[in-house]
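In this note's numbering, the protein residues as written are 10 to 262.
One structure below.
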C-alpha cells in the first residue's frame with residue numbers, strides 16, 4: 010500500500026470514528042438550523058451575493074470547530090499505535106486534516122443542495138455556483154490548515170501564543186491609529202504600523218477570497234486570488250507537518 014493510500018485509509022477511518030462518536034451531529038444540526046434561520050428566505054428571495062456571504066462566514070466558523078474537534082479526536086493515546094505503523098507523522102496529520110475537510114465540504118454541499126431544492130436562487134446556475142464556491146472552499150482549506158498548525162499536539166504553547174499575537178496585531182488597525190499611540194511619537198507609531206502590515210499580509214488571500222466568492226468576478230488580478238489561497242494553505246500545512254515531525258509527541262487523551 011502506498012503512502013497516499015494509507016493516508017486515505019486513515020482519513021476514512023477517522024471519519025468513521027467521528028461519525029460513531031456523534032460529533033458529526035453538530036455539523037448536521039448546525040447546517041439545518043442555520044438554513045432555516047438565514048437561508049430560507051421567507052420574506053425576501055435569497056440572492057447569490059447574500060448566499061455566498063452568509064455561507065462564507067458560516068463555513069469559516071465551522072472550519073474552526075470541525076478541525077479542532079477532528080484534531081482532538083487524533084490527540085489520544087490510540088494515536089501511538091497509528092504512528093508506530095508505516096503511516097508516519099505527516100500521514101497522520103494529513104489524515105486528520107483530510108477527514109476534517111471532508112466533513113466541511115459535505116456540510117457546504119448539503120447546505121447548497123438544501124438551498125437549491127427549497128429556496129432556489131434566481132440567476133445562479135452551476136457555473137455561477139462553482140465560481141463562488143471555489144474561493145469559499147479554498148478559504149475553508151486555509152482556515153483548517155491554520156487550525157491544524159495551531160493544534161496543541163503540533164506546536165508548543167509559546168509558539169501558539171506568538172502566532173496568536175501576530176493575528177491579534179493584524180487586526181489591531183484601530184489601536185495602531187488611536188490617539189494614545191499618536192501621542193507616543195512617530196517612531197513607535199511607524200514601528201507598530203510596519204509590524205501590523207507585515208502581520209496582516211498573510212490574511213490578504215483570505216479576505217480577497219471572501220470578496221471573490223461574493224462577486225464571482227475573475228477579471229484582472231482576481232484570477233490570481235485562488236492561487237494565493239492555495240499557496241498559503243500549502244505553506245501552513247508544510248509548517249504544520251514540519252513542526253509535528255520535530256516535536257516530541259505526547260498525546261493528551
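The C-beta atom is built at its ideal place from N, Cα and C for all residues, glycine as well.
| Query | Result |
| --- | --- |
| For residue 216, three-class secondary structure by DSSP | helix |
| Under the three-state DSSP convention, the category residue 180 falls into | coil |
| Closest residue to residue 154 among 107, 168 and 231 (Cα-Cα distance) | 107 |
| Beta-carbon separation (whole angstroms), residue 249 vs residue 136, contact threshold 8 Å | Contact flag wrong, Cβ pair sits at about 34 Å. |
| Own chain, CB closer than 6 Å to residue 83, minus 5 neighbours either side, in chain order | 105 |
| Whole-Å CB distance - residue 222 paired with residue 61, under 8 Å assumed | 5 Å |
| Test item: CB-CB of residue 75 and residue 112 under 7 Å | yes |
| Which of helix, strand or coil DSSP assigns to residue 151 | helix |
| Coil, strand or helix - residue 14 by DSSP | helix |
| Expected contact under 8 Å - CB spacing of residue 148 and residue 219 to nearest Å | 6 Å |
| Residue 96 versus residue 235 - alpha carbon distance | 30 Å |
| Where residue 121 falls: helix, strand or coil (DSSP) | helix |
| Distance CB(residue 208)-CB(residue 175) smaller than 7 Å | yes |
| Close Cβ partners of residue 324 (< 6 Å) along its chain, the five nearest in sequence each way excluded | It is not possible to answer for residue 324, since the shown part of the chain is limited to 10 through 262. |
| Whole-angstrom distance between residue 63 and residue 45, CA atom to CA atom | 13 Å |
| Span separating the alpha-carbon of residue 124 from that of residue 256 | 44 Å |
| Straight-line Cα distance separating residue 114 from residue 80 | 17 Å |
| Own chain residues within Cβ distance below 8 Å of residue 24, not counting five before or after | 108, 111 and 112 |
| Neighbour-count burial assignment, residue 216, 16 or more Cβ in a 10 Å radius | exposed |
| Collapsed DSSP secondary structure at residue 248 in the structure displayed | helix |
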